Amino acid sequence: MTDDLDLVRRLSDDADCDPAVLDRERSRWTAFLHDPMHPRPAAAVKPEHRALSDTLDRQGYAVIEDAVTPEELAAVREALAPYLTAGPYGRNDFEGFMTQRVYSLPAKSRAFDRLIEDESVLAVAESLLGPNFLLTAALAINLGPGETAQGLHYDEAFYSLPRPRPPLSLSAIWAIDDFTGDNGGTLLVPESHRWGDEGLTERPDVVPLEMPAGSVAVYPGTLWHAGGANVTDRFRLGISIQYVLSWARQQESYLLAMPPETARSVSPRLRELLGYSIGPAFMGHVDGRHPEKLVSRP
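Below, the structure is given as C-alpha cells:
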C-alpha cells in the first residue's frame, strides 16, 4: 500500500492541474485508502442535498424543480436544433421509432456543460456513489407524437452483478420541455431500486414522472423505469445524463469524442468527469503520468 500511495502522490503532484482538481483527487484517494470498498463523500454535504439523497434512498427517485433558468433552457434548445432537424429516428423499439436521440452531448456544445456539472446532481451522485465517479452517458431524447412506451428496465442491467446491491450509477433526467403523463414522462417503479434478481413477474405499479421544464429527476441505476408513450401531437424533449463508478466502463467513449485538443476548451471539472483524471489508486494514468499532462500540452 505504501508503494501505491507514493505513486498516487507522484501522479498528482506531477500534473499541471487546476488546484481544485488536485484537492478533489487527494480527497478521493484519502477516502479510498480509508475504506477501499466503501469510500464515502469527500465533500461536506449541504442540508438540501442530504434531503434529496434521503428522498432518493427512500422512494428511488427525487425531483428538483427550477434547476436551470429559462435562458439556460433556451441555450440548450438552440444547441440541439441542428441535430434534431437533421437527425434520424430510433433504430429499434428501445430507442423508439418515433424518437430522435442525440448522443455524446459534451462533444456537441458547451451549452450542455451546465447540466452535466450541476452542483445538486453531482452532490447526490457523490452521496450515492462516493467521490469516485465519471460521466458515462449524456444524450438528448426527443420523444415524438405516437411513440409507444418502452419496456421496463434498469440502467445498470449490462453490469452483470447480482441484486440487490448498492448502485453503480446515477441517472439524471432533465426536462427541457414539460414532462406529463400524456407526452411520455418517464414511468418509474417506486422502491424498485431495492429489488433483487427475481425480475418482473407481473406488471408493477408505475408512476409517470411529471415535472415542469427546467426540472431534473435523479434516480439510481438500479431503479426500474421506462420511457412513457407520447399520445399528444407534440414532441417532448429531455436530456439523460448518467454518472458511473470510475472503475466501470463508460457507455460513451469520451476520450475519443473529446480528445485532448478538444478537452482543453472545457472546465477542469468536466475533464475529470470525461475521464481525464486519476481514480484510486492509480487508474487512468498514461505511461505513469496524469492524463492532464496530455491536455496541458499546446
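Residues 4 to 301 in our numbering are what the sequence shown lists, from first letter to last.
Ideal Cβ positions, reconstructed from N, Cα and C, are used throughout, including at glycine.
Note that the structure is a prediction, hence the values are computed from the model and not measured.
- Give the DSSP-derived three-state secondary structure of Y257 in the structure shown. helix
- Under the three-state DSSP convention, the category R113 falls into: helix
- Query: Is it the case that the Cβ atoms of Y246 and F136 are separated by a distance below 7 Å?
  - Reply: In this structure, F136 lies closer than 7 Å to Y246 by Cβ.
- Measure the Cβ-Cβ separation of L171 and A78 and say whether it is below 7 Å. no
- Task: Report yes if the CB atom of V209 is closer than 7 Å to the CB atom of L226, and no otherwise.
- Result: no
- 7 Å CB neighbourhood of A152 in its chain, flanking five on each side removed: L190, A229, G230, G231 and A232
- Item | R239 - DSSP class collapsed to helix/strand/coil | strand
- Can you grab the Cα-Cα spacing for the pair G282 / V234, in whole Å? 45 Å
- For S280, which of helix, strand or coil comes out of DSSP? In the structure shown, S280 sits in coil (DSSP, three-state: anything other than H, G, I, E or B).
- Specify, as a first and last residue, the run of the beta strand (DSSP E) that Q103 falls within. T102 to V105
- Item | CB contact flag (A260, A110, <7 Å) | yes
- Task: Please list, in chain order, all residues of the same chain as G199 whose beta carbon is under 6 Å from its beta carbon, the five residues on each side excluded.
- Result: R166 and P167
- Item | Residue environment, F97, which counts as buried when at least 16 other CB atoms sit within 10 Å | Exposed, by the Cβ-count rule.
- Round the Cβ separation of M286 and S249 to the nearest angstrom and send it over; I've been treating them as touching at under 8 Å. So it is a contact: roughly 7 Å between Cβ atoms.
- Task: Just confirm the distance between the C-beta atoms of E255 and T139, as a whole number of angstroms; I'd bet it's less than 8 Å.
- Result: 7 Å
- Are the beta-carbon atoms of A70 and S218 separated by less than 7 Å? Cβ distance < 7 Å, so A70 and S218 count as in contact.
- Query: Helix, strand or coil: which one does DSSP assign to R197?
  - Reply: helix
- With 16 other CB atoms within 10 Å as the buried threshold, where does M4 fall? A caution first: M4 carries a pLDDT of 44, below 50, which makes its placement in the model too unreliable to give a value.
- Message: Along the chain, where does the beta strand (DSSP E) containing Y222 start, and where does it finish?
- Response: V219 to P223
- Message: Strictly by DSSP, which residues pair up with H228?
- Response: H156 and L191
- Cα separation between I244 and K296? 27 Å
- Item | Which of helix, strand or coil DSSP assigns to V289 | Reduced to three states, the DSSP call for V289 is strand.
- Task: Just the C-alpha distance for G147 and V269, rounded to the nearest angstrom, thanks.
- Result: 32 Å
- Message: If I follow the unbroken alpha helix (DSSP H) through L212, where does it start and stop?
- Response: No alpha helix (DSSP H) holds L212; DSSP gives it neither H nor E.
- A89 classed as buried or exposed, judged by whether at least 16 other C-beta atoms fall within 10 angstroms: exposed
- Can you tell me where the alpha helix (DSSP H) with V127 in it begins and where it stops? Note, V127: alpha helix (DSSP H), E122 to L132.
- Item | Collapsed DSSP secondary structure at T308 in the structure displayed | In this structure the chain extends from 4 to 301, so residue 308 is not present and cannot be described.
- Query: Thinking C-beta only, is L76 closer than 7 Å to V127?
  - Reply: no
- Buried or exposed: where does D6 fall if 16 or more other Cβ atoms within 10 Å of its Cβ makes it buried? Low confidence applies to D6: its pLDDT is 47, below 50, so where it sits in the model is not reliable, and the reading given next is rough at best. Exposed, since its Cβ has fewer than 16 Cβ neighbours within 10 Å.
- State the DSSP-derived secondary structure class of A77, mapped to helix, strand or coil. Of the three classes helix, strand and coil, the one that applies to A77 here is helix, per DSSP.
- Query: Should R104 be labelled buried (16 or more other beta-carbon atoms within 10 Å of its own) or exposed?
  - Reply: buried
- Message: What would DSSP say about V48, mapped onto helix, strand or coil?
- Response: Three-state result, V48: coil.
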